[in-house]
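A quick write-up on the structure given underneath.
In my numbering, the protein residues as written are 63 to 434.
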C-alpha cells in the first residue's frame, strides 16, 4: 500500500477493530462518510497468530483499499472504480451467464423471436395479398367476440383441462408403483414406459383411430362378447376420442415428473406416520400427496399447455364435434391466408391459457396448504 488512500467509515471501523494492523495517521480534513489515511512504517508491534476469519477480514480490507482511488482534492470523497466487463465475467454470476448464453440465444431466436413476430402481426390487417401495417385492434375484437371462436376456445380449454386431469390421475399410480415398488428395476420400468414413443406421434393417433373406429378393436370385441348388437358410432369423431388419444400421447410426460417428485419423499416420514397409527389412506393424504404436489403441478402444466394448441389429433379423431381453436388458427394461417387474425387468435389463446394455468397452480398450492 503506497500513498494516501481513501476508505469508507465502515471499512475503517473493521480495520481498527483488528489487532493486527499498521499504525495510521488521521488527517484533519476527514468527513463523516470517509477518511483519508496515510500508512506509516510498521514498527514496534509483535507478530500474532490470527484466526482464519480475522485473516479473511484483513484481506477483505486490503481489497477495499485496493479498489478505491484518490480524488486528488482536499476533503474529496472516495469513489469506487467501476468494474470492467472482464472482471464481471470472472465472477460466478458472470460465468453462469456465459454458460447459459448459447441456449438463451437459441431460445430467443427460435422461440421468443417468432412469438414477437406473431404478436406484431396481430395488430395488422390482411389486405388480400399484402398486409396493412396500420395499428388496429379489429383482429382481437373478432377473436374474442365472434361466437365461433369463443366456442372453440372454450372447448379447447375444456378438452385440455380434462386431458391433463385424466392423464395425471392415470399416471400417478404408475409413478407411485415405479418409485415405491420398483426396487432395482426402476430403470427398466421407466424404459418400458417410453417404448410407445419409439413410434411417431401421427402413428399413435392413427392407432387409436383403428381402436375406436366403427369396425375397430373395441366394437369388434364387444360384438363377439354379445354385449352390443351393432357397432357403436359414438367412440370416434367427438371430444371423448380427442381426450382419450391425447391422454395416451402425453402419459409418459406426466409420469416422469411425478416419479421424480415421489422419489424425493423421505421414506422415514411414512414409517414414522405408520408407527404413530396412521393408515395407508391417511399417510397418502397427509404426506405423499402434499410432498408430491410439485410433480403434480409440473405434470398438469406439461400436459395442459401443449394440448390446447394441438390441431392434428382433433382433425384425425375429433370430427366436427372435436374441432379446437388450434384448427381455426391453422386455417387462418393456411387456406384463409389471414395471418393477422390467426396471430390474434394465437395470442389470445396464449394469454388465456397462462391465466388458467396460473389459477390452477394457485388452487393446487392452496390445496397443499390445506392438507398440511
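The beta-carbon is built from N, C-alpha and C at its ideal position, and this holds for glycine as well.
| Query | Result |
| --- | --- |
| Determine whether the beta carbon atoms of residue 214 and residue 390 lie at a separation below 8 Å. | yes |
| Can you name the residues that DSSP bridges to residue 193? | 188 |
| Applying the 10 Å Cβ sphere with the 16-neighbour rule, what's the burial state of residue 171? | exposed |
| What are the boundary residues of the alpha helix (DSSP H) that residue 409 is part of? | 401-433 |
| Might you give, ordered along the chain, the residues of its own chain that have their beta carbon closer than 6 Å to the beta carbon of residue 370, omitting 5 neighbours on each side? | 218, 222 and 415 |
| Short check: CB of residue 187 to CB of residue 200, under 8 Å? | yes |
| DSSP on residue 397, reduced to helix/strand/coil? | coil |
| Return the CA-CA distance between residue 278 and residue 284, expressed in angstroms with no decimal places. | 10 Å |
| Over the uninterrupted alpha helix (DSSP H) stretch that includes residue 183, give me the two end residues. | 175-183 |
| Does the ligand SAH have a heavy atom nearer than 7 Å to the CB of residue 260? | Although the ligand SAH was asked about, the structure shown includes no ligands whatsoever. |
| Could you please give the first and the last residue of the uninterrupted alpha helix (DSSP H) stretch that includes residue 151? | 147-152 |
| Going by other Cβ atoms of all chains shown within 10 Å of its Cβ, with 16 needed for buried, is residue 235 buried or exposed? | exposed |
| With a CB to CB cut of under 7 Å and the five nearest residues on each side skipped, what residues in its chain are close to residue 308? | 225, 369, 372 and 375 |
| Any idea what DSSP makes of residue 330, helix, strand or coil? | helix |
| Grab me the residues of residue 275's own chain with a C-beta within less than 8 Å of its C-beta, minus the 5 sequence neighbours each way, in chain order. | 281, 297 and 298 |
| Check residue 208 in the structure and name its three-state DSSP category. | coil |
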